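Inspection log for the structure reproduced underneath, given as structure tokens.
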Amino acid sequence: MSSMHVMGGAMTRFGKHPGIKAPELAQQAILAAVDDAGIQLEDVQAIYCTNVLGGMILGQVILRDLGLNGIPVYNVENACASGATGVHLARHALLADQYDTVLVFGIEQLTALGGGTIPLQRNDEKTDLYAEAGMVLPAIYAMRATRFLHERGAKPADLAAVAVKNRHHGTLNEYAQQRNEVTLEEVLASRMIADPLTLLQCCPSQVDGAAALVVSKRPGPHAKDVRVLGSVVVSGLIEGPRDDILDAEITARAASKAYEEAGVGPKDVGVVELHDAFTIAELLYYEALGLAPTGEALNLLHSGATRLGGRVPVNPSGGLLAKGHPLGATGVAQMVELMWQLQGRAGARQAGSPLIGVAQCTGGGIAGVDHAASSVHVLGV
């Protein structure tokens, strides 16, 4: 079976970009990724555009000015997992020998929404009821956090420690929106959003950004060839009344399949970029990804293993908490970061010399399931 190689990648700085429209941001990332891959734009045979809230045929609008008229353009939306889903679909096409070289880019301009929480899906009666009752995503994660504090004998400061770690990593990342250190006291004293989650325990909602990857059946120009060893996208299962809200079942299921496909296990992983939209999420995903046994997430965090310099640095980019979360771009940006890490190109935030990296993204708050979608990718050199 053919391999999928990450030839090159790039991203814009995540943050507020006043006066710059989404197409321009995306074009910056696309052109930089093509240059990083050592190819010409006309070598790209198909494009996957991943976006959540930008409207119809966004990919074609963005590519119109780049002279790529006529090649296939696929517009992909899968909530926060959109970028990862685009990479997954591109891999399908390469393995099927449909194309030799394709480009996946993600773009989002959340500042255009004017602020506030991302709205839940509103196309069925159950979800409308949830949304009308105030069931926004911070509230959902706050319930998980409250249960975690109760079940694990944890303190609010344990949750805040995730934000301290990831904000520190963000200070080292020139692409991150938030680049300032914070203390436990500052995290806990920040404005309450949904008890026990304070403002600094939630990813910023006012952020724009784009990221792009060139993937191919052949290696790129860099000394270390990064390959996609495992790529899985799954949807959520209907939850029962006795299901444990601390069991990130959809991510655990995706991770198990991805590890099996890649022929590796959690102990082989040297660096992770995961979906820390809220501090509690990172702790739950430690266990779902097999980085820690059930009930041991806090021990893993406080041991320092997931900090830069630790055994398995998690979110060396700063994660969503510091780097930001422009929805459609996030999954692609995670893999750009892993490419840099595996190739030793991450600068001040370089996480040692990892051989295996894992990217994890979930997406979609809908009634009755854990999440709508979850994706786990395993990359290796």
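All residue numbers for the sequence shown refer to this note's numbering, where the first residue is -3 and numbers rise by one. Glycine residues also receive a C-beta, built at the ideal position from the N, C-alpha and C atoms. Just so you know, these numbers come straight off a predicted model, no measurement behind them.
Taking a 10 Å sphere around the C-beta of GLU104, we find 16 or more other C-beta atoms and assign the residue as buried. Taking 8 Å as the cut-off, the beta carbon of VAL203 is found no closer than this to the beta carbon of VAL183.
Note on ILE276: 16 or more other CB atoms within 10 angstroms of its CB, so buried under the neighbour-count rule. Here the segment 349 to 356 makes contact with the segment 268 to 288; the two share three or more CB pairs at distances below 8 Å. For MET7, the enclosing beta strand (DSSP E) has its first and last residue at 1 to 7. By DSSP's assignment, CYS199 forms no beta bridge with any residue.
With contacts defined as CB atoms closer than 8 Å, HIS13 and VAL229 fail to qualify as a contacting pair. ALA258 and VAL267 have their C-alpha atoms spaced approximately 15 Å apart. For ILE136, same chain residues with a beta-carbon under 8 Å away, outside a window of 5 residues either side, are GLY361 in chain order. THR302 has no beta-bridge partner at all, per DSSP.
The beta-carbon separation of TYR44 and VAL100, rounded to 4 Å, stays under the 8 Å limit for a contact. A straight line joining the alpha-carbon of GLY216 with that of GLY34 spans about 7 Å.
Just measuring C-alpha positions, the residue of THR142, LEU49, GLY66, VAL211 sitting nearest PRO322 is LEU49. Here ILE234 has GLY364, VAL365 as same chain residues with Cβ atoms under 8 Å from its own Cβ, once five neighbours each way along the sequence are excluded.
At the C-beta level, VAL265 and ILE189 stay beyond 8 Å of one another. At a Cβ-Cβ threshold of 8 Å, VAL210 and LEU270 do not count as neighbours.
For TYR255, no beta strand (DSSP E) encloses it; the enclosing alpha helix (DSSP H) starts and ends at 245 to 258. THR97 has SER212 as its beta-bridge partners, per DSSP.
Using a C-beta cut-off of 8 Å, the segment 288 to 301 makes no contact with the segment 61 to 69, since fewer than three inter-stretch Cβ pairs fall below that distance. ASP204 has GLY11, GLN105 as its beta-bridge partners, per DSSP. In the DSSP assignment, HIS84 falls outside any beta strand (DSSP E) and lies within the alpha helix (DSSP H) extending over 78 to 91. Of the residues assessed, ALA207 falls on the buried side of the cut-off, its CB having 16 or more other CB atoms within 10 angstroms. With fewer than 16 other Cβ atoms inside 10 Å of its own Cβ, ALA344 counts as exposed.
Note that the segment 330 to 344 touches the segment -2 to 7; at least 3 beta-carbon pairs, one per stretch, sit closer than 8 Å. Scanning ILE241, HIS373, ARG175 for the CA closest to the CA of GLY315 turns up ARG175. In this structure, LYS319 keeps its C-beta atom at 8 Å or more from the C-beta atom of ASN74.
Within the segment 258 to 318, the complete beta strand (DSSP E) runs of at least 3 residues fall at 267 to 269.
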